[in-house]
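Going by this note's numbering, the letters in the sequence shown line up with residues 22 to 385, in that order.
Positions of the beta carbon are idealized from the N, C-alpha and C atoms, including for glycine.
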Amino acid sequence: MHRPTLRYLVALPILALALTATACGTSSPAGTTPTTGDTGTSATAPAKIGGTLTMYTPNEQNMLDALLPAFTDATGITVNTVTAGTGELYTRITNEVANPQGDVLFGGGVAQAMSNSDLWEPYVGANDGDMTGIGKNVGGFSTPYQADGSVLMVNTDKIGDITINGYADLLNPALKGKIAFGDPTNSSSAFAQLTNMLAAMGGQSSMDANYTSDAGWQFVQSLLNQTGGQAIGSSNEVGQSTANGEYTVALTYEPLASNFVQAGQPVKIIYPSEGAVFLPSGVEIIKGAKNMAQAQAFCDWIQSEQAQQIIADQTNGRPLRPGIVKQGVPLLSDIKTLQEDSTWVSANRDTILSKYQAALANVS
Numbered sequence: 022m023h024r025p026t027l028r029y030l031v032a033l034p035i036l037a038l039a040l041t042a043t044a045c046g047t048s049s050p051a052g053t054t055p056t057t058g059d060t061g062t063s064a065t066a067p068a069k070i071g072g073t074l075t076m077y078t079p080n081e082q083n084m085l086d087a088l089l090p091a092f093t094d095a096t097g098i099t100v101n102t103v104t105a106g107t108g109e110l111y112t113r114i115t116n117e118v119a120n121p122q123g124d125v126l127f128g129g130g131v132a133q134a135m136s137n138s139d140l141w142e143p144y145v146g147a148n149d150g151d152m153t154g155i156g157k158n159v160g161g162f163s164t165p166y167q168a169d170g171s172v173l174m175v176n177t178d179k180i181g182d183i184t185i186n187g188y189a190d191l192l193n194p195a196l197k198g199k200i201a202f203g204d205p206t207n208s209s210s211a212f213a214q215l216t217n218m219l220a221a222m223g224g225q226s227s228m229d230a231n232y233t234s235d236a237g238w239q240f241v242q243s244l245l246n247q248t249g250g251q252a253i254g255s256s257n258e259v260g261q262s263t264a265n266g267e268y269t270v271a272l273t274y275e276p277l278a279s280n281f282v283q284a285g286q287p288v289k290i291i292y293p294s295e296g297a298v299f300l301p302s303g304v305e306i307i308k309g310a311k312n313m314a315q316a317q318a319f320c321d322w323i324q325s326e327q328a329q330q331i332i333a334d335q336t337n338g339r340p341l342r343p344g345i346v347k348q349g350v351p352l353l354s355d356i357k358t359l360q361e362d363s364t365w366v367s368a369n370r371d372t373i374l375s376k377y378q379a380a381l382a383n384v385s
């Protein structure tokens with residue numbers, strides 16, 4: 022299990038940062054002054070408001086190292102981070118509901134956040150109007166900042182002559198016991214893989230029907246039989262254990278897999294031939310957050326041009342702001358993608374997980 026760690030970042034010198042004003046009438050953090058940019062759109066230049074922000078996050082350290090010092094530069098806000106798996110953080114937030122210790126959850130799927138809407142403060146960030154379709158606020162409380170795609174990561178030293186182009190190839194008997202998969206009840210990326218598999222293998226004409234189809238769940242059962250019902254505790258462990266050669270192939274997500282590729286590990290990324298779902302990851306302000314202005318400032322900043330360019334240039338995430346180009350990854354137009362019915366998935370998350378647990382109990 023990924024253990025929580027606490028990281029303290031020290032405020033750095035001031036940098037000015039332009040942010041667009043909110044399109045939905047929600048107030049920006051105290052101390053901001055409206056301005057008008059050359060394009061005629063409203064913008065805000067946040068004062069260096071200072072203070073602290075306690076961030077709960079499942080994100081990998083290289084993303085935090087790239088983004089958080091720049092955020093501190095821009096706002097004067099010192100960030101304390103608690104890192105753990107998504108499921109562990111949700112448990113923590115729920116247990117602390119009477120006395121919140123965190124201010125924001127940075128990372129995890131928006132669909133999971135929607136299924137736990139009672140945990141969040143309503144807030145629409147100042148840059149929401151400038152984001153792409155899947156980068157716009159969800160539910161009035163979730164601020165998307167990057168798109169994560171479900172992918173397969175293959176260890177090139179272990180694969181031999183086995184061909185893997187998509188999900189169907191994972192049922193090759195030669196891969197039994199050699200597939201790393203997380204726990205969808207505890208990991209947002211594993212849950213995204215589960216719904217991606219159902220969407221890709223369900224064989225139905227309407228997307229919501231794929232999530233309940235016999236074909237989709239028969240595939241899930243067959244895959245779990247291949248894994249022996251073994252679920253790995255965190256997404257990082259799924260990737261690391263495959264890069265280390267403990268497994269031959271991992272069901273993971275694009276930014277994490279890209280980390281291992283760029284680190285020179287013997288792995289390659291496969292975009293499932295049946296179709297990959299790309300979903301937004303979000304920031305949510307925890308209900309009753311003690312540092313509300315700082316939490317709102319982070320929601321504003323993470324969608325700014327500066328933050329989105331850092332995501333493109335210094336992390337393996339796909340930014341969601343138009344005009345920010347990420348080098349070294351295939352365009353979504355060059356990948357077969359599927360459009361998840363996020364509303365249905367969010368409303369039926371518990372049902373999906375119950376069916377998964379039933380399949381797990383039937384592993385042969």
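Counting the other Cβ atoms within 10 Å of the Cβ of N186 gives fewer than 16, which makes it exposed.
Taking the Cα positions, N337 is about 31 angstroms away from G249. Boundaries of the beta strand (DSSP E) harbouring S302: 297-306, taken from the DSSP string.
In summary, N176 is buried, with 16 or more beta-carbon neighbours lying within 10 Å of its beta-carbon over all protein chains present. Nearest Cα to K376 within the set P205, K69, Q317, R342: P205. Excluding residues up to 5 positions away in sequence, I98, T99, V100, N101, N312, Q315 lie with their Cβ nearer than 8 angstroms to the Cβ of T73 in the same chain. If you compare the alpha carbons of N120, S354, A221 with that of G309, the shortest gap goes to N120. Fewer than three beta-carbon pairs drawn from the region 280-292 and the region 140-154 are found closer than 8 angstroms, and the two stretches are therefore not classed as touching. Exclusion of the five residues before and after T153 leaves L341, R342, P343 as the residues of its chain whose Cβ lies within less than 8 angstroms of its Cβ. Of the residues assessed, T112 falls on the exposed side of the cut-off, its CB having fewer than 16 other CB atoms within 10 angstroms. Distance between G128 and D235, taken at the CA atoms: about 32 angstroms. Going by beta carbons, P79 and V131 fall outside the 8 angstroms limit.
For K289, the enclosing beta strand (DSSP E) covers residues 288-291.
Counting of Cβ neighbours within 10 angstroms places K157 among the buried residues, the total reaching 16 or more. T364 counts as exposed, since fewer than 16 other C-beta atoms from the protein chains shown sit within 10 angstroms of its C-beta.
No Cβ-Cβ contact shorter than 8 angstroms links D139 with F299. Between the alpha carbons of S209 and T107 lies a gap of roughly 6 angstroms. Scanning its chain for C-beta atoms nearer than 7 angstroms, with the 5 sequence neighbours on each side dropped, one finds around G266 the residues N176, D178, K179, in chain order. Apart from sequence neighbours up to five positions away, the residues of its chain that approach A252 with a beta-carbon distance below 7 angstroms are F202, G203, D204, ordered along the chain. Relative to the Cα of P276, the nearest Cα in the group N257, D371, I345 belongs to N257. At a Cβ-Cβ threshold of 8 angstroms, I373 and T216 count as neighbours.
Bridge pairing for S163: V159, E305 [DSSP]. Contact annotation, M228 with A221: C-beta distance approximately 11 angstroms; criterion of less than 8 angstroms not satisfied. DSSP places S171 within a strand segment (E or B) once states are collapsed to three. Non-local C-beta neighbours of L110 in its own chain, meaning closer than 7 angstroms and more than five positions away in sequence, comprise Y77, P79, L126, ordered along the chain.
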